[in-house]
Each structure stands twice: as structure tokens, then as C-alpha cells.
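FYI, the numbering for the sequence shown is 0 to 500, going by numbering that gives the first Met the number 0. Glycine is no exception: its CB is placed at the ideal position from the N, C-alpha and C atoms. From a predicted model like this one, the values you see are computed outputs, not experimental measurements.
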Amino acid sequence: MHKIKKRQRAPETNRAVDDDILKKKKIFIIVLLQGRLCCIISNGNYVTSWKQRGLGRFMTLTAHDRKYLAIAMPAAMEGVFMNLLGMADLVMVGALGTLSIAAIGVFEQPRMVLLTVARSFASVIVLLVARHVGAGRRQEAGEALLHSVFITMPVLAVMHFAAFLFVDDVLLLMGAKEEYFALAHSYAAIAVAAVFFLSMATLLQAVLIGFGNTALVLAVNVTSNVINVIGNAFLIFGLGPFPALGVEGAAIATLLGSLFAFLATLVALFRLGIFREVQKILPDLPFLREFGRLFAGIFGEMGCERVGMVLYSRMAVELGTIPFAVHSICMNFCDLYYGFAQGMGKASMVLAGQSCGARRIHGWRAYLRAGVRWGLAFSLLAAVLTAVFPTSIIGFYDRDPAVITMGTPIMLFVAAVSFPEALALIFAGVLRGSGKTGQVAMCYFVSVTFLRPIFTAFLLYGMGLGILGAWIALAFDQCLRAAASGFLVRRVRVAELMGKD
């Protein structure tokens with residue numbers, strides 16, 4: 000009898016099929032994750048659903064907890080989905096190789112520098128609107144947005160145009176290597192436009208956050224991310240009639256998602272009638288003074304953080320292509336929870352600002368306790384998930400064995416810093432909402448701008464610890480910020496702040 004030989008595919012064919020399946024799984028998981036979380040968070044009944052499932056037995060929710068979660072959860076998920084814009088590019092481009100990951104990763108800090116200015120402006124708008132809402136002045140809240148846009152629009156336009164003109168110089172300044180410089184240029188030249196529309200969307204969404212309408216912001220940004228992920232699938236890999244554009248396709252998809260976020264937010268503001276009661280369009284001198292005072296403190300804080308991060312990232316680039324790719328992957332995943340914690344920080348700022356506007360001392364203290372409590376709870380969940388599945392998380396980005404081996408221990412640092420980074424953001428939000436922006440700026444200057452780069456340089460060049468040293472320095476910085484900002488919150492004299500004896 001003749002044995003029937005089973006027909007086997009060539010190894011190259013097997014690998015191509017496996018890569019194609021992996022791409023489709025990544026697209027499906029990202030879209031499914033965003034859609035599922037949006038359904039849970041946006042209906043506003045997450046606390047009730049927990050109780051119905053029996054988890055409510057383990058938590059005692061006060062009215063302040065419920066209000067805090069009602070604002071914090073959509074804002075937190077909005078922060079996650081904004082970071083998913085960058086994550087989707089990195090994850091899906093990861094199928095193209097380590098050089099493509101490094102090409103996108105090297106533009107991350109310039110992107111964040113541009114967004115820092117927009118987010119500083121947006122934080123001022125949130126604070127001004129929250130105070131007006133707390134005092135029952137709806138008309139002034141709408142005017143605050145128009146006045147702020149009048150101030151910020153020219154600044155952002157000039158900054159982004161300059162970034163486009165000098166994109167090569169920016170990439171060289173960040174230490175982009177010759178082996179992936181062309182890829183980085185093709186991505187960054189388009190991504191600058193995406194950052195501009197994202198910045199404008201951030202400004203407009205600040206008003207909705209100030210009113211406490213974070214669920215609408217979440218819905219807009221989730222839809223924006225779905226557009227980005229679907230666009231990535233078609234434009235990076237060339238699905239259907241579309242060409243395979245690689246990193247350029249990732250940038251174009253990000254541009255489409257950001258443009259949608261801007262237009263959808265603008266339409267939402269008009270439909271909600273926020274501008275109907277506005278009487279003064281141009282800002283007056285008292286507004287300019289108040290805006291400038293708040294912006295100086297908030298931008299000082301965020302600017303110090305970004306300068307420190309640029310110096311930190313610049314040293315990480317010098318470690319080499321594979322270590323920098325590992326660093327980019329771990330930082331990108333770390334930014335997911337950082338974005339979540341930023342949402343809790345926004346909620347703390349909004350509620351502290353509203354409490355100050357309404358002069359409610361008890362509310363100020365109760366929302367502070369709620370923020371700390373839920374910050375620790377969510378940090379524990381994030382830390383456990385990260386520590387249990389480090390290899391799977393790294394492999395989701397890049398299946399290179401060298402990347403997985405080097406990145407797995409770094410993910411333990413990502414898990415550990417979940418606690419201090421959440422507490423630092425919550426405390427900073429309370430301080431901002433209480434008008435103590437200068438104190439936060441000084442804290443960030445000392446910790447992020449001054450100590451972190453020095454400590455990183457010592458561990459990298461003095462001790463020769465490589466990427467491990469970079470993450471030890473990051474953990475030290477996060478712990479120092481949490482301790483310092485917590486100390487500053489304890490020193491706030493709430494009664495004196497609100498003009499009460």
C-alpha cells in the first residue's frame with residue numbers, strides 16, 4: 000500500500016498565514032475592547048450593574064462616591080481612548096517590524112509637547128467653567144470657552160505650522176537613527192496635522208468636562224478611535240482596494256480620527272446650546288489676567304513634566320534600536336493607565352473647583368477621599384493585570400523574542416508605578432481645582448524636570464544599568480511626586496480658601 004502523503008504548506012506560507020491571523024486578531028480585539036467599554040461606561044449605570052452582579056457587597060458607596068465616579072469614569076476612559084490613538088498605531092505597525100515601532104516611538108515626545116500646550120489651555124477652561132457652573136453662572140461658562148479660543152487658536156496654529164516646517168530637525172533633536180529616519184519623517188509629517196485637530200478637540204471638550212458631561216466626551220473619543228483602528232487596518236496593511244502604506248497609513252488614519260473628534264465635539268456644543276446665552280465674544284482685561292494666572296501655573300506644571308520627559312526619552316533613544324523599541328512599548332502601555340488616572344485627576348479638579356465655587360467645605364473633603372479611595376482600587380487592578388500577563392502584553396505589540404525577553408521585567412515596573420502615578424494625578428487635580436496651580440508647577444519642576452533626568456543619567460551612564468536604570472528613575476520620580484503633592488494637599492486651608500471662618 001502506498002502511504003498517502005499529507006500535503007504541507009511551506010514554512011514561509013505558514014508564517015504569512017499566522018501573521019495575517021495575528022493582524023486580524025489585533026484589529027478585532029482593539030475594536031471589541033473599545034466598543035464594550037463604551038457600552039459599559041457611557042450608560043452611567045456601572046455602579047448599579049456591579050451591585051446587581053453581587054460585587055456591591057464589598058463596597059460602601061456614598062453619594063460623593065457616586066458623583067465622583069459619574070464624572071471620573073467617563074473622563075478616565077476618555078483618557079484611555081485618547082492614548083489608544085497612539086497605541087493603535089504602535090500595535091498595528093508592530094507587525095511591520097521593530098524599525099517601524101522605533102519610527103513611531105521617536106515622534107511620541109514631540110507629539111506630547113504639542114499636546115501639552117493644548118492640554119494646559121484646556122485645563123484652564125475646565126477650571127474656569129467648573130467654577131462658573133458651581134456658582135450657577137451658565138452664561139459665563141459659555142463665554143469662557145469663546146474667550147479662551149480667541150486666545151489659544153493663534154498660538155496653536157503657529158506652533159503646529161512650525162512643527163511641520165521643521166519636522167526633520169525635531170526628529171534629529173530627538174535622536175532618530177539613520178536606519179529608521181525616513182520612516183519617522185513620513186509618519187511625523189502627517190501626524191502633525193492630526194495633533195492639531197486633536198488639540199482643538201481637547202479645547203472644545205474642556206467645556207463639556209467642566210459641566211461634568213464626560214460621558215459625551217467619551218462617546219466622541221471612542222468613535223474617533225474606532226475610525227482610527229479601522230483606518231489603520233485598511234491603510235497600513237492594504238486591505239481591500241486600499242494600498243499598503245505602512246507607517247504613512249497609520250498617520251493618515253490618526254488624522255481621520257482626530258478630525259472626526261474635532262468636528263463631532265463642535266457640533267455637540269452647538270446642539271447643547273452652550274453658546275446661546277453668550278453676550279461677550281471678545282475677552283476683557285480681567286478675564287485675560289485670570290486666564291494668564293491660571294495658565295502660567297498649569298503650563299508650568301505640564302511644561303516641566305514634558306521637558307523632563309523629553310530629556311528622559313532622549314537618553315532612552317541612545318540605548319539602541321531594540322532597547323528603545325522595548326522602552327516605547329512599555330511606555331505606551333504605561334500611558335494607558337496614566338490616561339485613565341488623568342481622568343480621575345480631571346474629576347478631582349472639576350469637583351474641587353465646583354466645591355470652591357459653591358463654597359462647600361464638606362464636599363471638597365469628601366471628593367478628595369473618594370478620589371484617593373478609587374485611585375488605589377483601580378491601581379491595584381491595573382497592577383495585578385500587568386504583573387500577571389507581562390509576556391502576553393509585550394507579545395501583543397511585537398513577537399520578536401529579544402523584545403519580549405527584555406521587556407518582560409520592565410512590565411513589573413509598569414505595574415508598580417500604577418499606585419503613585421494615580422495618587423499624584425488625583426492630588427494635583429485637587430490642588431488645581433483649589434487654585435494652587437503654582438505649587439503643582441514647582442513640585443513637577445523639582446521632580447520631573449530636575450531630579451528625574453539627573454537620576455536617569457546616573458543610572459544609565461554611571462551605573463551602566465541600561466533600560467532597567469531608566470525605569471528605576473521613572474519609579475523614583477512617580478513616588479516623589481505622589482508624596483510631595485499629597486503633602487501639599489494636606490496643607491490646604493479649605494475654610495480660608497473658600498472665604499469662610
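Whole angstroms is fine: what's the gap from residue i's alpha carbon to residue j's?
i: M152; j: L127; result: 18 Å
i: F149; j: G291; result: 13 Å
i: I28; j: E420; result: Per-residue confidence for I28 stands at a pLDDT of 45, beneath the threshold of 50, marking its modelled position as unreliable; the derived number appears in the next sentence. Cα to Cα, I28 sits roughly 27 Å from E420.
i: V169; j: V306; result: 14 Å
i: I471; j: T213; result: 34 Å
i: V228; j: A252; result: 7 Å
i: G406; j: F395; result: 12 Å
i: L318; j: L473; result: 16 Å
i: V90; j: I403; result: 14 Å
i: F106; j: A129; result: 34 Å
i: L281; j: R288; result: 14 Å
i: S99; j: L244; result: 12 Å
i: G141; j: L215; result: 17 Å
i: P73; j: F377; result: 14 Å
i: R284; j: V116; result: Here residue 284 turns out to be Leu, not Arg, going by the sequence shown. Cα to Cα, the separation comes out at about 22 Å.
i: M111; j: S484; result: 23 Å
i: G437; j: Y443; result: 10 Å
i: Q341; j: A427; result: 10 Å
i: L458; j: P452; result: 10 Å
i: L314; j: K66; result: This sequence places Met at residue 314; Leu is not what is there. If you take the alpha carbons of M314 and K66, they lie about 42 Å apart.
i: S122; j: K435; result: 13 Å
i: A365; j: L203; result: 29 Å
i: V488; j: M343; result: 16 Å
i: L54; j: I124; result: Because the pLDDT of L54 is 44, which lies under 50, any placement of that residue in the model is unreliable, and the number read from its coordinates should be weighed accordingly. Looking at the two C-alpha atoms, the distance is approximately 37 Å.
Quick check on the DSSP output: the alpha helix (DSSP H) that includes residue i runs from which residue to which?
i: R490; result: No alpha helix (DSSP H) contains R490, which DSSP labels as neither H nor E.
i: K345; result: 320-357
i: I392; result: 389-396
i: Y311; result: 284-316
i: D167; result: 166-172
i: I208; result: 180-209
i: Y443; result: 436-443
i: L217; result: 213-236
i: R451; result: 451-456
i: G461; result: Taken as a continuous stretch (DSSP letters only), G461 belongs to no alpha helix (DSSP H), as it is neither H nor E.
Go ahead and label residue i buried or exposed: buried means 16 or more other beta carbons lie within 10 angstroms of its beta carbon, across all protein chains shown.
i: L172; result: exposed
i: A379; result: Before going on, a small fix: residue 379 reads as Leu here, not Ala. L379 comes out exposed.
i: K279; result: exposed
i: T59; result: exposed
i: R270; result: exposed
i: Q391; result: Strictly speaking, residue 391 in this sequence is Ser, with Gln absent from that position. Its Cβ having fewer than 16 others within 10 Å, S391 is exposed.
i: L83; result: buried
i: E177; result: exposed
i: M462; result: exposed
i: L207; result: buried
i: V154; result: exposed
i: G211; result: buried
i: T61; result: exposed
i: R431; result: buried
i: A530; result: There is no way to answer for residue 530, as the model of the chain reaches only from 0 to 500.
i: V325; result: buried
Among the candidates the options, whose CA atom is the shortest distance from the CA of residue i?
i: C355; options: V132, V225, G307, F377; result: V132
i: E304; options: L217, L293, R118; result: R118
i: A346; options: A183, I425, E300, F290; result: I425
i: V383; options: L367, R368, A357, L411; result: L411
i: V371; options: A188, A482, R313; result: A482
i: A102; options: S417, I360, S327, S484; result: S327
i: L293; options: G239, F233, A440, F106; result: A440
i: Y311; options: P109, L234, A469, A69; result: A469
i: M76; options: T222, A427, V92, H146; result: T222
i: A381; options: G93, L335, Q108; result: L335
i: L217; options: F196, F80, R451; result: F80
i: V429; options: R492, V246, A188, R136; result: R492
i: S257; options: A401, A456, L197, V266; result: L197
i: V219; options: L262, F195, G239; result: L262
i: T320; options: G174, A162, F486; result: G174
Could you check what DSSP says for residue i in three-state terms: helix, strand or coil?
i: I360; result: helix
i: V416; result: coil
i: P73; result: helix
i: L244; result: coil
i: L139; result: A quick correction: the sequence has Glu, not Leu, at residue 139. Three-state DSSP puts E139 in a helix.
i: G279; result: In the sequence as displayed, the identity of residue 279 is Lys instead of Gly. The answer is coil: DSSP assigns K279 none of H, G, I, E or B.
i: G104; result: helix
i: A175; result: coil
i: G428; result: helix
i: G239; result: coil
Taking 8 Å as the CB-CB cut-off, is residue i touching chain B?
i: V349; result: In the structure shown, chain B cannot be found, because there is only a single protein chain.
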